[in-house]
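Working notes, structure below.
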Amino acid sequence: MKDSRPSWVQMTLLARFDDCSDDVAIRDCTSDRHQEYRYGELSRKVFSISGQLRPFYGERALLLLPGDSQFVFGFLACVISGVTAVPVNLPGVQRLRRVRLMLEHILQDCQPRVILALSSSKAELERMGWHQNRTVIYLDQIAGNAPGIDLKAIRAASGPILLQYSSGSTGKPKAVCNHDDNIHHHHQLMTGMHPTMAGIEPATFGFGGRF
Numbered sequence: 001m002k003d004s005r006p007s008w009v010q011m012t013l014l015a016r017f018d019d020c021s022d023d024v025a026i027r028d029c030t031s032d033r034h035q036e037y038r039y040g041e042l043s044r045k046v047f048s049i050s051g052q053l054r055p056f057y058g059e060r061a062l063l064l065l066p067g068d069s070q071f072v073f074g075f076l077a078c079v080i081s082g083v084t085a086v087p088v089n090l091p092g093v094q095r096l097r098r099v100r101l102m103l104e105h106i107l108q109d110c111q112p113r114v115i116l117a118l119s120s121s122k123a124e125l126e127r128m129g130w131h132q133n134r135t136v137i138y139l140d141q142i143a144g145n146a147p148g149i150d151l152k153a154i155r156a157a158s159g160p161i162l163l164q165y166s167s168g169s170t171g172k173p174k175a176v177c178n179h180d181d182n183i184h185h186h187h188q189l190m191t192g193m194h195p196t197m198a199g200i201e202p203a204t205f206g207f208g209g210r211f
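Taking the UniProt record's numbering, the leading residue of the sequence shown gets 1, the next gets one more, and so forth.
Printed below as a string of structure tokens:
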């Protein structure tokens, strides 16, 4: 029987955007020289990227992003857009060639239709041919002023939220599929371990605080 429940992760994130627009979502974003992002500003960034991702509903997106605010924007845009995020652990955008074999295996394995990256990696991406037969979206070239979500992008709880690959240090990277229920269960475990978090269930996705 098909699971028609809406995604807990997506609905919780949307509720957070609506109910806590003036609250701080992330802070100390030194990489983009932005001290903090409140949920209202974060939502505009995320909705702007999700607008670019709408044609890829149900597909996979490879996140070739460093672990800073741009990664948060890209990952949450995938959640909002009904796209399965495939984040990879990058040692630095300028070092893509050093992890080329790992990335090429991941590309072959998960077959993403779209890549999220920064414009600083454009030349190297094209040199390695990863842009061929895929759409590459450069997040730092998107203005963050979108007003809201296309309701057609509401995702079902049965769909995977992300594919999490191993580092590949001891062999070819292997993926673990994280579904909506997995993330909801982890959130419940966290609220059980930290009772002070219980009061914010279910309106938070857990992206507040420092990196």
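Each residue gets a CB set at the ideal place from its N, CA and C atoms; glycine is no exception.
According to DSSP, is residue i part of a helix, a strand, or is it coil?
i           : result
LEU151      : For LEU151, the pLDDT reaches just 48, beneath the cut-off of 50, and the residue's location in the model is therefore unreliable, leaving the point undetermined.
ASN182      : helix
GLN132      : coil
CYS177      : strand
residue 298 : The structure shown has nothing for residue 298, since the chain only spans 1 to 211.
LEU76       : helix
ASN5        : According to the sequence displayed, residue 5 carries Arg and not Asn. Three-state result, ARG5: coil.
ASP68       : coil
LEU118      : coil
GLU36       : strand
ILE26       : strand
ALA156      : strand
ILE142      : coil
Looking at the secondary structure, which residues open and close the alpha helix (DSSP H) in which residue i lies?
i      : result
ARG127 : 122 to 127
ARG44  : 39 to 53
Leaving aside the five residues before and after residue i along the sequence, list all residues of the same chain whose C-beta is less than 6 Å from its C-beta, in chain order.
i      : result
THR135 : VAL114
LYS172 : HIS105
LEU189 : none
SER7   : ARG155, ALA157, ASP180
CYS78  : ALA61, ALA85
GLN141 : SER119
ALA175 : LEU163, TYR165
PHE17  : TYR39, SER43
Can you tell me where the beta strand (DSSP E) with residue i in it begins and where it stops?
i           : result
residue 215 : Here the chain covers residues 1 to 211 and nothing more, so residue 215 does not appear.
ALA61       : 60 to 63
TYR165      : 160 to 165
Taking only beta-carbon positions, decide if residue i is within less than 7 Å of chain B.
i      : result
THR135 : The structure shown contains no chain B; it is built from a single protein chain.
Report all residues from its chain with a CB closer than 8 Å to the CB of residue i; omit the five preceding and five following residues, and keep chain order.
i      : result
LEU139 : ILE49, LEU65, GLN70, PHE73, GLY74, LEU116, ALA117, LEU118
SER167 : ASN89, MET102, PRO173
GLU59  : VAL83, THR84, PRO112, ARG113, VAL114
Would you please state the rounded distance, in angstroms, between the beta carbons of residue i and residue j? I believe it to be under 8 Å.
i     : j      : result
VAL9  : ILE161 : 6 Å
VAL88 : TYR165 : 6 Å
SER81 : LEU53  : 4 Å
ARG27 : GLU36  : 4 Å
Excluding the five sequence neighbours on either side, which residues of its own chain have a C-beta within less than 7 Å of the C-beta of residue i, listed in chain order?
i     : result
VAL46 : PHE73, LEU76, ALA77, ILE80
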